[in-house]
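Peer 1:
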Amino acid sequence: MMSDIQKTENKPNYFSTAIWLVLVALTIVSFCIGETGMQGQDVMLTLLAITMIKSQLVANYFMGLYKTKLLWRGIMFSYFVIVGGLIALAYLKGIP
Amino acid sequence: MKYASQAVAKPYFIAAIALFLGQILFGLIMGLQYVVGDFLFPAIPFNVARMVHTNLLIVWLLFGFMGASYYLIPEESETELFSPKLAIITFWVFLVAGAITVLGYLMVPYASLAKWTGNDLLNTMGREFLEQPLPTKVGIVLVALSWLFNIVMTVLKGRKTAISMVLTLGMLGLAAFWLFSFYNPVNLVKDKFYWWWVVHLWVEGVWELILGAMLAFVLIKVTGVDREVIEKWLYVIITMTLVTGIIGTGHHYFYIGLPEYWLWWGSIFSALEPIPFLMMTIFAFNMVNKRRRDHPNKAAVIWALGTSVVAFLGAGLWGFLHTLAPVNYYTHGTQLTAAHGHLAFYGAYALVVLTMISYAMPILRGRAANSEKAQVMEMWSFWLMTVSMFVIALLLTGAGIVQVWLQRVSETPMGFMAVQDQLAIFYWAREAVGVVFLIGLLLYIWSFFVKDKSPVLA
Amino acid sequence: MSAIFTKSMARNVFYGGGVFFFLLFLALTFDSMRVLPTRDNSQNITANVEHGKKVWETNNCIGCHTLLGEGAYFAPELGNVYKRRGPAFIKGWIQGMPTGVPGRRQMPQFNLTEQELDDLIEFLKYTSEIDTNNWPPNIEG
Amino acid sequence: MTKTQNIGTRLNISTNTLNKEDLPGDFALWIFIFAEMLAFGVLFVAYAFARAKDVAIFNESQLTLSLSSGVINTLVLITSSYFVVRGVSAIKHGSSKHCAYFLTGAFLLGGVFVCVKMWEFNAKFSAGITMSTNNFYMFYLSLTFFHFMHVLMGMVILGYIIIKSLRSGYSVQDYVGVETGASFWHMVDFLWIILFPLIYIIR
Numbered sequence: 004m005m006s007d008i009q010k011t012e013n014k015p016n017y018f019s020t021a022i023w024l025v026l027v028a029l030t031i032v033s034f035c036i037g038e039t040g041m042q043g044q045d046v047m048l049t050l051l052a053i054t055m056i057k058s059q060l061v062a063n064y065f066m067g068l069y070k071t072k073l074l075w076r077g078i079m080f081s082y083f084v085i086v087g088g089l090i091a092l093a094y095l096k097g098i099p
Numbered sequence: 002m003k004y005a006s007q008a009v010a011k012p013y014f015i016a017a018i019a020l021f022l023g024q025i026l027f028g029l030i031m032g033l034q035y036v037v038g039d040f041l042f043p044a045i046p047f048n049v050a051r052m053v054h055t056n057l058l059i060v061w062l063l064f065g066f067m068g069a070s071y072y073l074i075p076e077e078s079e080t081e082l083f084s085p086k087l088a089i090i091t092f093w094v095f096l097v098a099g100a101i102t103v104l105g106y107l108m109v110p111y112a113s114l115a116k117w118t119g120n121d122l123l124n125t126m127g128r129e130f131l132e133q134p135l136p137t138k139v140g141i142v143l144v145a146l147s148w149l150f151n152i153v154m155t156v157l158k159g160r161k162t163a164i165s166m167v168l169t170l171g172m173l174g175l176a177a178f179w180l181f182s183f184y185n186p187v188n189l190v191k192d193k194f195y196w197w198w199v200v201h202l203w204v205e206g207v208w209e210l211i212l213g214a215m216l217a218f219v220l221i222k223v224t225g226v227d228r229e230v231i232e233k234w235l236y237v238i239i240t241m242t243l244v245t246g247i248i249g250t251g252h253h254y255f256y257i258g259l260p261e262y263w264l265w266w267g268s269i270f271s272a273l274e275p276i277p278f279l280m281m282t283i284f285a286f287n288m289v290n291k292r293r294r295d296h297p298n299k300a301a302v303i304w305a306l307g308t309s310v311v312a313f314l315g316a317g318l319w320g321f322l323h324t325l326a327p328v329n330y331y332t333h334g335t336q337l338t339a340a341h342g343h344l345a346f347y348g349a350y351a352l353v354v355l356t357m358i359s360y361a362m363p364i365l366r367g368r369a370a371n372s373e374k375a376q377v378m379e380m381w382s383f384w385l386m387t388v389s390m391f392v393i394a395l396l397l398t399g400a401g402i403v404q405v406w407l408q409r410v411s412e413t414p415m416g417f418m419a420v421q422d423q424l425a426i427f428y429w430a431r432e433a434v435g436v437v438f439l440i441g442l443l444l445y446i447w448s449f450f451v452k453d454k455s456p457v458l459a
Numbered sequence: 009m010s011a012i013f014t015k016s017m018a019r020n021v022f023y024g025g026g027v028f029f030f031l032l033f034l035a036l037t038f039d040s041m042r043v044l045p046t047r048d049n050s051q052n053i054t055a056n057v058e059h060g061k062k063v064w065e066t067n068n069c070i071g072c073h074t075l076l077g078e079g080a081y082f083a084p085e086l087g088n089v090y091k092r093r094g095p096a097f098i099k100g101w102i103q104g105m106p107t108g109v110p111g112r113r114q115m116p117q118f119n120l121t122e123q124e125l126d127d128l129i130e131f132l133k134y135t136s137e138i139d140t141n142n143w144p145p146n147i148e149g
Numbered sequence: 009m010t011k012t013q014n015i016g017t018r019l020n021i022s023t024n025t026l027n028k029e030d031l032p033g034d035f036a037l038w039i040f041i042f043a044e045m046l047a048f049g050v051l052f053v054a055y056a057f058a059r060a061k062d063v064a065i066f067n068e069s070q071l072t073l074s075l076s077s078g079v080i081n082t083l084v085l086i087t088s089s090y091f092v093v094r095g096v097s098a099i100k101h102g103s104s105k106h107c108a109y110f111l112t113g114a115f116l117l118g119g120v121f122v123c124v125k126m127w128e129f130n131a132k133f134s135a136g137i138t139m140s141t142n143n144f145y146m147f148y149l150s151l152t153f154f155h156f157m158h159v160l161m162g163m164v165i166l167g168y169i170i171i172k173s174l175r176s177g178y179s180v181q182d183y184v185g186v187e188t189g190a191s192f193w194h195m196v197d198f199l200w201i202i203l204f205p206l207i208y209i210i211r
């Protein structure tokens with residue numbers, strides 16, 4: 004009985020495991036960029052894009068919003084776009 | 002009336018309205034002193050009139066809250082009040098103490114009052130809104146405890162609903178934060194810091210729980226909407242109130258000597274404070290639209306909807322107007338603050354108490370609702386008072402903007418009194434509209450005496 | 009709405025959220041109290057200042073004036089009056105009240121003693137030296 | 009709302025796969041989640057604009073942060089979020105015990121986050137850095153502390169769910185509670201995912 008449950012249970016988890024690995028990889032990429040101390044507009048925008056992709060992955064696949072109504076996904080997506088966009092704007096403003 | 006003990010609410014409501022009238026009369030005196038500086042001087046100097054005006058406000062709202070809870074808690078708990086006798090004793094104690102305090106303000110120089118009432122033992126007087134002599138402050142503690150005790154005992158022996166829990170929690174907070182009125186350190190910054198624990202955490206914190214509970218109760222009664230739905234939203238709205246309002250205290254900490262980070266914390270969280278008010282407006286209208294019955298007391302519905310709208314305008318919108326630190330840098334302590342204070346107190350607290358009175362008073366007098374004629378009068382008084390208070394807020398906002406401009410923004414700033422002379426037109430108009438407000442209030446009081454020829458049946 | 013939305017969860021969120029933000033507020037309060045000595049000019053609180061504050065309070069000055077922007081808005085801001093007018097002017101002004109000019113706003117005569125006046129001025133001096141994040145915007149308050 | 013009604017609603021959703029689902033967990037908590045996202049969002053944007061006014065100080069102070077502790081914490085939170093996903097998946101398949109195990113893993117990782125963060129705070133405090141040092145540290149400490157408190161709250165919620173699931177308090181029919189707590193934890197996770205590069209890396 005127990006093993007049956009485990010079998011059925013394990014199957015759909017390949018997907019979330021893959022998402023998890025992607026998140027780890029993206030984090031390490033961000034970290035490496037940070038370690039090299041690179042800066043500038045392109046680096047900033049790349050890092051922000053990575054960040055927004057990561058949060059979107061968590062919201063969509065960890066929280067499970069990809070299954071929900073457009074409204075909720077829309078709220079989440081626009082949140083990331085607006086917050087990310089405003090941050091980008093502020094940084095561009097700060098570049099002398 | 003479902004429970005005989007609910008009747009104790011009646012004297013509380015009557016006292017509340019009487020004191021409200023007193024508050025407005027003193028408001029008019031002050032309004033006139035703004036333009037005719039020596040009016041009633043030295044009999045009633047401005048500071049005395051203001052003390053009476055603001056203290057009466059606090060006391061009549063407390064009477065309203067107490068009356069409301071004595072009315073609604075038995076009905077919510079489905080049991081008689083624990084001790085109606087205690088409630089009546091508390092009423093007289095509070096009324097007499099309040100009356101003596103106000104007479105003290107009016108008859109005795111404040112410094113002598115302080116000396117005679119033991120201010121030397123424990124320095125607590127002479128701070129805005131907390132001007133009460135020590136015995137009155139202790140009296141308020143005792144009255145609040147007696148109220149709380151009576152309500153808690155009633156809730157414990159009966160049904161426990163979300164409304165009664167929230168109301169009790171609000172009262173508990175009210176009593177708890179009042180204790181900070183006894184703390185008056187010499188260090189002015191600390192004094193002001195904890196002073197706001199009474200003032201802000203009352204009106205933008207625990208009082209809003211009481212407000213929410215009262216409004217939810219009336220909405221359940223007049224709309225017949227499922228209690229589950231209303232109580233659920235009550236919780237959600239007051240959650241938002243606390244989420245934004247507690248850290249929102251920081252919007253008072255910008256320029257009184259506290260660390261700079263309050264500029265950010267205070268601005269950000271208090272900027273979100275309109276959200277619960279907006280939710281409350283949407284919620285109230287939704288519930289009325291989804292009503293399952295047409296309650297014969299239409300006036301009560303108007304008061305309830307009015308509460309939600311004017312609370313949003315006064316507390317939410319007018320608060321937001323000057324809550325961001327860079328704006329507040331210029332508006333702090335100007336007529337704009339007065340504009341916000343007037344509309345917010347009227348919208349959130351005066352109106353919710355009047356809503357409750359409007360709903361409960363006919364029932365306490367043995368009918369589901371007042372006659373058509375009396376209700377029409379009540380609605381007139383609602384519109385007269387609400388519109389005139391809104392206009393007063395607009396006029397004070399105008400005065401505030403001009404004041405900020407001439408005194409603070411200008412390259413060649415004018416002195417305070419010179420600016421005040423420029424604002425006379427606003428103050429005259431405010432006084433005139435204030436008279437309209439008084440007429441509205443008198444009409445309201447008159448509506449209680451309209452002879453009931455065709456009582457409306459439930 | 010088919011979504012799950014229960015009263016019991018709403019209640020839990022209310023209690024949880026309320027406690028959470030109150031704790032956060034206490035944490036900020038704790039930090040504020042720690043930082044305060046660097047800003048509140050408390051090193052200059054003398055017995056005279058203490059007495060001056062009492063004079064300020066027991067004559068209900070806040071009933072007309074603002075102090076650091078808080079109070080009534082009927083009469084001038086006094087948080088910076090020491091810097092605006094200086095001690096001699098303040099003393100003379102209080103002693104000369106009321107002006108009795110018809111139609112003008114009147115300040116009562118409080119019959120303060122010499123000592124009380126000096127201490128009140130000490131209190132206003134202490135107040136004017138509190139670090140208020142550069143408020144008010146100019147000397148007019 | 010009674011439990012049977014919950015189950016009814018839940019079954020209705022899971023059997024009707026054609027319809028798009030509603031938010032996972034109780035909507036009451038989602039209102040709170042949206043409010044928190046709003047508060048954090050405003051704080052993030054405020055940080056960015058405050059930085060634009062004072063780029064030099066922000067860049068200079070940013071270099072004093074421990075990038076490695078930040079990245080460790082990011083990995084810790086992402087992994088704990090993954091465990092929570094597995095926990096929810098376990099209870100959906102009826103295994104209370106596996107659910108509790110995975111959530112305990114997430115809870116412990118939350119504990120690791122808290123420890124690393126406390127070490128970081130301690131290093132800053134003993135260097136005499138406070139919220140009043142400069143605007144960068146004000147935001148750094150405010151945001152991380154505010155988030156830190158959310159981690160603690162998330163751990164309290166997870167702890168409650170773990171105990172309840174060990175007592176078989178959830179089942180295939182009724183796991184709204186698990187989903188609700190999971191949603192909160194994921195929010196704590198993605199807020200950190202934004203916070204970390206913003207405060208620690210981007211310059």
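Residue numbers (the working numbering), protein chains in the order written: chain H, 4 to 99; chain V, 2 to 459; chain R, 9 to 149; chain C, 9 to 211.
Glycine included, every Cβ here is placed at the ideal spot set by N, Cα and C.
Give, in chain order, every residue of the stretch 79–109 of chain R whose Cβ lies closer than 8 angstroms to some Cβ of chain C.
Peer 2: none
Peer 1: Based on the DSSP output, what are the partners of Glu78 (chain R) in its beta bridges?
Peer 2: R:Leu75
Peer 1: Consider the Cβ of Glu432 (chain V): report whether some Cβ of chain R lies at a distance smaller than 8 angstroms.
Peer 2: no
Peer 1: For my contact list, Gly111 (chain R) and Val37 (chain V) are in at a C-beta cut-off of 8 angstroms; report their separation, rounded to the angstrom.
Peer 2: 6 angstroms
Peer 1: Need the endpoints of the alpha helix (DSSP H) that Thr169 (chain V) sits in, please.
Peer 2: Ala163 to Trp179
Peer 1: Excluding the five sequence neighbours on either side, which residues of its own chain have a C-beta within less than 8 angstroms of the C-beta of Glu65 (chain R), listed in chain order?
Peer 2: none
Peer 1: Would you mind sorting Met52 (chain V) into buried or exposed? The rule is 16 or more other CB atoms within 10 Å of its CB.
Peer 2: Burial state of Met52 (chain V) is buried, judged by a 10 Å Cβ sphere holding 16 or more other Cβ atoms.
Peer 1: Considering only the alpha carbon of each residue, which of V:Ile248, V:Lys193 and V:Leu279 lies closest to Ile257 (chain V)?
Peer 2: V:Lys193
Peer 1: Would you say Asp2 (chain C) faces chain R, with C-beta separation under 8 angstroms as the test?
Peer 2: Coverage of chain C is limited to positions 9 through 211, which leaves residue 2 (chain C) absent and any answer about it impossible.
Peer 1: Please report the distance separating the alpha-carbon of Val451 (chain V) from that of Val311 (chain V).
Peer 2: Looking at the two C-alpha atoms, the distance is approximately 27 angstroms.
Peer 1: Are the Cβ atoms of Arg293 (chain V) and Thr224 (chain V) separated by less than 8 angstroms?
Peer 2: With respect to the 8 angstroms criterion, Arg293 (chain V) and Thr224 (chain V) are classified as neighbours on the basis of their beta carbons.
Peer 1: For the alpha helix (DSSP H) that Asn56 (chain V) lies in, which residues bound it at each end?
Peer 2: Phe47 to Ser78
Peer 1: Considering only C-alpha positions, which residue in the set V:Gly441, V:Tyr350 and V:Gly416 is nearest to Ser389 (chain V)?
Peer 2: V:Gly441
Peer 1: Do His201 (chain V) and the ligand GTP come close, with the Cβ less than 7 angstroms from some heavy atom?
Peer 2: Questions concerning the ligand GTP fall outside what the structure shown contains, since it holds no ligand whatsoever.
Peer 1: Can you check whether the C-beta of Asn63 (chain H) is within less than 8 angstroms of a C-beta belonging to chain C?
Peer 2: no
Peer 1: Compare the C-alpha of Thr118 (chain V) against each of V:Leu107, V:Val109, V:Leu104 and V:Pro134 and name the closest.
Peer 2: Among V:Leu107, V:Val109, V:Leu104 and V:Pro134, the Cα nearest to that of Thr118 (chain V) is on V:Pro134.
Peer 1: Does DSSP classify Thr14 (chain R) as helix, strand or coil?
Peer 2: In the structure shown, Thr14 (chain R) sits in coil (DSSP, three-state: anything other than H, G, I, E or B).
Peer 1: Within the chosen definition, does the stretch 110–127 of chain C reach the stretch 74–92 of chain C through at least 3 CB pairs nearer than 8 angstroms?
Peer 2: yes
Peer 1: Which chain H residues are close to Phe115 (chain C), counting only those with a beta carbon under 9 angstroms from its beta carbon?
Peer 2: Near Phe115 (chain C) there are no residues of chain H at all, since even the closest Cβ is about 16 angstroms away, more than 9 angstroms.
Peer 1: Look at the alpha carbon of Phe40 (chain C) and the alpha carbon of Ile170 (chain C), and state the distance between them as a whole number of angstroms.
Peer 2: 22 angstroms
Peer 1: Could you check what DSSP says for Glu85 (chain R) in three-state terms: helix, strand or coil?
Peer 2: Reduced to three states, the DSSP call for Glu85 (chain R) is strand.
Peer 1: On the CB-based measure, 16 or more other CB atoms within 10 Å of its CB, does Gly108 (chain R) come out buried or exposed?
Peer 2: exposed
Peer 1: Short of 8 angstroms in beta carbon distance, which residues of its chain neighbour Thr91 (chain V), apart from the five on each side in sequence? Order them along the chain.
Peer 2: Met67, Val144, Ser147, Trp148 and Asn151
Peer 1: Can you pull the DSSP bridge partners for Thr71 (chain H)?
Peer 2: C:Glu29
Peer 1: Roughly how many angstroms separate the alpha carbons of Phe29 (chain R) and Pro43 (chain V), rounded to a whole number?
Peer 2: 47 angstroms
Peer 1: Quick check: the Cα distance between Ala17 (chain V) and Ala10 (chain V), rounded to an integer number of angstroms?
Peer 2: 11 angstroms
Peer 1: Is the separation between the beta-carbon of Pro95 (chain R) and that of Met105 (chain R) shorter than 8 angstroms?
Peer 2: no
Peer 1: Cα separation between Leu31 (chain R) and Val92 (chain C)?
Peer 2: 26 angstroms
Peer 1: Reducing DSSP to helix, strand and coil, say where Thr138 (chain C) ends up.
Peer 2: coil
Peer 1: Does any residue of chain C bring its CB to less than 8 angstroms from the CB of Gly77 (chain H)?
Peer 2: For Gly77 (chain H), the nearest beta carbon of chain C is not closer than 8 angstroms to its own beta carbon.
Peer 1: If you drop the 5 nearest sequence neighbours on each side, which residues of the same chain put their C-beta closer than 7 angstroms to that of Asp62 (chain C)?
Peer 2: Asn143
Peer 1: Is there a Cβ from chain C that is less than 8 angstroms from the Cβ of Asp39 (chain R)?
Peer 2: With a threshold of 8 angstroms between beta carbons, Asp39 (chain R) makes contact with chain C.
Peer 1: Is the Cβ-Cβ distance between Pro275 (chain V) and Met241 (chain V) less than 8 angstroms?
Peer 2: no
Peer 1: Check whether the stretch 124–139 of chain R and the stretch 84–92 of chain R touch, using three or more Cβ-Cβ pairs below 8 angstroms as the test.
Peer 2: yes
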